[in-house]
Structure formats: structure tokens, C-alpha cells
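Protein chains in written order, with the working numbering: chain A, 74 to 182; chain B, 74 to 182.
Protein chains: 2
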Amino acid sequence: MGLVKTEKFSDLQNEIALFAKAFGHPARVAILQHLFKTDACICGDLVHEIGLAQPTISQHLKELKHLGLIKGNVEGTSVCYCIETKNWTKMKTVMFQFLDQDISEEACC
Amino acid sequence: MGLVKTEKFSDLQNEIALFAKAFGHPARVAILQHLFKTDACICGDLVHEIGLAQPTISQHLKELKHLGLIKGNVEGTSVCYCIETKNWTKMKTVMFQFLDQDISEEACC
DNA sequence: TTAGTTCATTGCAATATTACGATTAATATG
DNA sequence: CATATTAATCGTAATATTGCAATGAACTAA
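What follows is the structure, encoded as C-alpha cells:
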């Protein structure tokens, strides 16, 4: 075990969980906040800003990139990372629908 | 290692990550969706609905309860679970602010 | 070419998570 | 009381995640 039984759940449930897992680590939250805040989104800046080792940051960036939430552009020896706007918006739609469900009036307990 | 370096991040960043982690498993997504959808939120129903073993569901419920997102009420031999409305709303505020950041106009890459 | 810079990848150790069988605790019912 | 029902807890195995040192790959500059 230690293995999620994905097949028991709907595609939407798995998708929500995947997005949420991406935000489930403070380093990835910090990376995304930094990408939103600044235009200078060079990878090396993130390493200094966040204070984890370069391979660690690189790994977190890879996960966010794999989900399509960010993109990286090679510029000489450095790499510029940014939010992938279109996918971020799609993700927002999915997460908002999940988070913003109406709570049933009749309290059951 | 295998250990998040919480001290490197702000309280808000850690809070966002904790909430997100709660949604980072499809079983917990399914549990919450079910609690929203129905008033009959007996633990045993969730076990049947979701199709994981009872101790597994119980463990997921414990995590959601620990975060304050749900509450459980003992009713005889069974336990009735519901969304903890007030905390859910607070969580929504935090998550919405994170997800709904403005993307800087000037595309950097 | 050689050295320097920047970032990705590899490999590994430590810890966390997931899942469930077995058991326990609490309450109900005959 | 004895038994059944329901859900929590314990213990454990399997897998996943986190973090980093070491290394590699790609480019720049001298």
C-alpha cells in the first residue's frame, strides 16, 4: 500500500486531488506566489528567495510544469519560469466548483 | 529528508499547503462531495459509497476532522459526519485568495 | 579550447502516506 | 447478561514524497 486506489474514484475527483496535491507543499505555494508577484522569474532567484537547495527547487518546478500550471523558457544559461495562464484558469474553474459547493440548509448534526 | 522544512515558509504558505494536502487525495474529495450532497452522512454510508475499507475511511475522516473541515456526531452506535460550515468558509477565503491572484500583464516569457 | 554559470538529473537516505487486517471501545438489542 | 453493530485505534507492509550531494548537460565568455 502507500498507493492511492485511483480506479475507485471519478476522473474529476482524481483531477481535483492532483491539483490540490500540487499546492500541498509550502515550497510550491511559495514558488507560485513568487511567479505571480514578479516578472523576474528566473530559476536561480527562486532558489535564493525560498532557501532550499537548487535540486529541490528544480524538482518542485518540474512537478508544477508537469501539471501544466507553469512553463519554463530557456534564456541563455538561465531559465525563466512563468504561470501558464490558460491552464491556471482551467484549474481555477475546477477547484472553485469543488470549494464553493452549497452547504445543505438542514443541519444533519 | 522526507520532511517538509516548514520553518522556511510563512504561516500563510504553510496553511494553504495544509488545506491543499487535505484535498490531495481523491477519497477525501469524495467524502467531502458526499457530505455536501446528502444529509445522511453516516460513516458506514461513506464506506459503502467509496469502496475503501472501514479503517481507511476512518483515517481520512480523522484528517479532515483534525483540520476542522468536518465534525462528527455520535448517534447511538453510528457517527454522523457533516461539513463544519464556519471553518469551511474560512478555508475558502484563504484558498480563493491564493488561487485567484492576478497574473501580471507583461508576459515575461 | 578552457573555465565558469545555470539548471536538470541521478541516486540515495529519511520521513510521510496509504491501505487494511486485527482488535478494541461503545452502544444497542434480545 | 450475551451478542450484534458501528466506528476508532493499533500494527504493519507497501509505496510516495522530500531534500540534497554529486554529477551532467548546455550555454557563455575569455
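Yeah, the Cβ is synthetic: ideal placement off N, Cα and C, and Gly gets one too. In this text, all values refer to a predicted model and were calculated from it rather than measured experimentally.
**Report entry** For G117(A), the three-state DSSP class (helix, strand or coil)
**Finding:** helix
Report task. State yes or no: is the C-beta of G145(A) within less than 8 Å of the C-beta of N160(A)? Result -> no
Report task. Mind listing, in chain order, the continuous beta strand (DSSP E) runs of no fewer than 3 residues lying wholly within the stretch 125 to 181 of chain B? Result -> 143 to 148, 151 to 156
**Report entry** Span of the alpha helix (DSSP H) around V69(A)
**Finding:** Residue coverage of chain A in this structure runs from 74 to 182, which leaves residue 69(A) outside it and unanswerable.
Requested in this report: Output, in chain order, the set of chain B residues within a Cβ distance shorter than 9 Å of L125(A).
Outcome: K78, K81
Report task. Classify H98(A) as helix, strand or coil using the three-state DSSP reduction. Result -> coil
Query raised in the report: Mind checking V147(A): buried by the 16 CB within 10 Å criterion, or exposed?
Result: exposed
Requested in this report: Would you check if the distance between the CB atom of H107(A) and the CB atom of V77(B) is smaller than 8 Å?
Outcome: no
Requested in this report: Determine whether the Cβ of G75(B) lies closer than 8 Å to any Cβ atom of chain A.
Outcome: no
Report task. Find out if the Cβ-Cβ distance for the pair H133(A), R101(A) is shorter than 8 Å. Result -> yes
Query raised in the report: If we cut at 8 Å on Cβ distances, does P128(A) have a partner in chain B?
Result: no
Query raised in the report: Comparing alpha-carbon positions, which option in A95(B), D118(B), L91(B), A90(B) lies nearest A90(A)?
Result: A95(B)
Query raised in the report: Going by alpha carbons, who is nearest to L85(B) out of Q174(B), M168(B), I130(B)?
Result: M168(B)
Requested in this report: Inspect the beta-carbon positions of K43(A) and D173(B) and report whether they are closer than 8 Å.
Outcome: Residue 43(A) lies beyond the stretch modelled for chain A, which goes from 74 to 182, so this question has no answer here.
Query - Of the listed residues F171(B), I176(B), D175(B), nearest to E88(B) (C-alpha basis) - result: F171(B)
**Report entry** Same chain, Cβ closer than 8 Å to S114(A), five either side skipped, listed in chain order
**Finding:** Going by the sequence as given, residue 114(A) is Cys instead of Ser. If we look at C114(A) and ignore the five residues flanking it on each side, its Cβ neighbours are H107, L108, C153, Y154, C155.
Query - Close-in-space but distant-in-sequence residues of the same chain around S131(A) (CB under 8 Å, 5 per side omitted) - result: C116
Query raised in the report: Of the residues that make up the stretch 89 to 107 of chain A, which ones have a beta carbon closer than 9 Å to any beta carbon in chain B?
Result: I89, A90, L91, F92, A93, K94, A95, F96, G97, H98, P99, A100, R101, V102, A103, L105, Q106
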